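Engineer: Just so we're aligned, residue 1 is where the sequence shown starts under full-length UniProt numbering, counting upward by one. Okay, here's the structure, questions in a sec.
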Amino acid sequence: MKTWLFIILFFGKGLVSFGQQDEVLQTMKDFHQLLVSQDFKLQRYVHEKLSYGHSNGWIEGRRELLGNLASGYTKYYSIQEDSVSIAAQNKVAQARFIATIDVAVNGNRATYKLRVLEIWIKQKRKWYLFARQAVKA
């Protein structure tokens, strides 16, 4: 009986972690799709204390990110994720991936290949993007 209890508790915790990883992966992909479609439902995914770092050193907070998207200053045409790895513990998750991003900033369109780290936190049963940093791949 003790052996079964141990197995259930040990592997059950792992199943929760895999479930969280799947949740974060889906949330991340949904967020990226909303960036491309310029759907302002994306504000539901962004933490109020967001730090959104770009590969050129430019850092946006929540207000700047949403404002630049609304004004058209920043326009995402596509975001493709590759080699995604997600680690989750309790209410924090990190997502690392290689991204190919087609974006225009102030009318200047370019495609970038980047290594990206996103930090997601869970509050009230929902995942929020808390931080993001990209570097050139």
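By construction, the Cβ of each residue, glycine as well, lies at the ideal position given by its N, Cα and C atoms. Predicted model only: the values in this text are computed from it and were never measured.
Please give me, in chain order, every unbroken run of the alpha helix (DSSP H) with length at least 4 that falls completely inside the UniProt domain "DUF4440" (31-127).
Structural biologist: 62-71, all fully within the UniProt domain "DUF4440" (31-127).
Engineer: Are A137 and L114 close, meaning C-beta to C-beta below 7 Å?
Structural biologist: In the sequence shown, the residue the question calls residue 137 occupies position 137. In the sequence shown, the residue the question calls residue 114 occupies position 114. Yes, Cβ-Cβ distance for A137 and L114 is below 7 Å.
Engineer: Classify Y73 as buried or exposed, calling it buried when 16 or more other Cβ atoms lie within 10 Å of its own Cβ.
Structural biologist: Within the sequence shown, residue 73 is the residue found at index 73, counting from 1. Exposed, because fewer than 16 other Cβ atoms sit within 10 Å of the Cβ of Y73.
Engineer: Let's test the definition: count the other Cβ atoms within 10 Å of the Cβ of I8 and tell me whether it reaches 16, buried, or not, exposed.
Structural biologist: Along the sequence shown, read from residue 1 onward, the residue named residue 8 stands at position 8. Model confidence at I8 stands at a pLDDT of 43, short of 50, so the residue's coordinates are unreliable; what they give is reported in the following sentence. Exposed is the call here.
Engineer: Since L117 and R96 should fall inside the 8 Å C-beta cutoff, what is the C-beta to C-beta distance between them, to a whole number of angstroms?
Structural biologist: Walking along the sequence shown from the start, residue 117 turns up at place 117. Walking along the sequence shown from the start, residue 96 turns up at place 96. Right, the Cβ-Cβ distance comes to about 5 Å (below 8 Å), so this counts as a contact.
Engineer: May I have the straight-line CA-CA distance separating V135 from H54, to the nearest angstrom?
Structural biologist: Position 135 of the sequence shown holds residue 135. Position 54 of the sequence shown holds residue 54. Rounded to the nearest angstrom, the two C-alpha atoms are 7 Å apart.
Engineer: Please confirm whether F31 and Y52 have their CB atoms less than 7 Å apart.
Structural biologist: By one-based count along the sequence shown, residue 31 stands at place 31. By one-based count along the sequence shown, residue 52 stands at place 52. For F31 and Y52, no; Cβs fall outside 7 Å.
Engineer: Using only the alpha-carbon positions, how far apart do G12 and L25 sit?
Structural biologist: Reading the sequence shown from its first residue, position 12 is the one you call residue 12. Reading the sequence shown from its first residue, position 25 is the one you call residue 25. Summary for G12: the model assigns pLDDT 46, below 50, so the residue's position carries little reliability, and this model does not support an answer.
Engineer: Counting C-beta neighbours from all protein chains within 10 Å, is the total for T27 16 or more, i.e. buried, or is it exposed?
Structural biologist: Your numbering for residue 27 matches position 27 in the sequence shown. Flag for T27 reads buried.
Engineer: Using only CA atoms, which one of A99, S78, I79 and Y76 lies nearest to S85?
Structural biologist: Along the sequence shown, read from residue 1 onward, the residue named residue 85 stands at position 85. The candidate whose alpha carbon is nearest that of S85 is A99.
Engineer: Return the chain-ordered list of same chain residues with a C-beta closer than 8 Å to the C-beta of S78, the five sequence neighbours on each side being excluded.
Structural biologist: Numbered from 1 along the sequence shown, position 78 holds the residue referred to as residue 78. Only V36, T100, I101 and D102 meet the Cβ criterion.
Engineer: Considering only C-alpha positions, which residue in the set A87, V92, S83 and Q38 is nearest to K122?
Structural biologist: Counting from 1 along the sequence shown, the entry for residue 122 is found at position 122. If we check each option's Cα against that of K122, V92 comes out closest.
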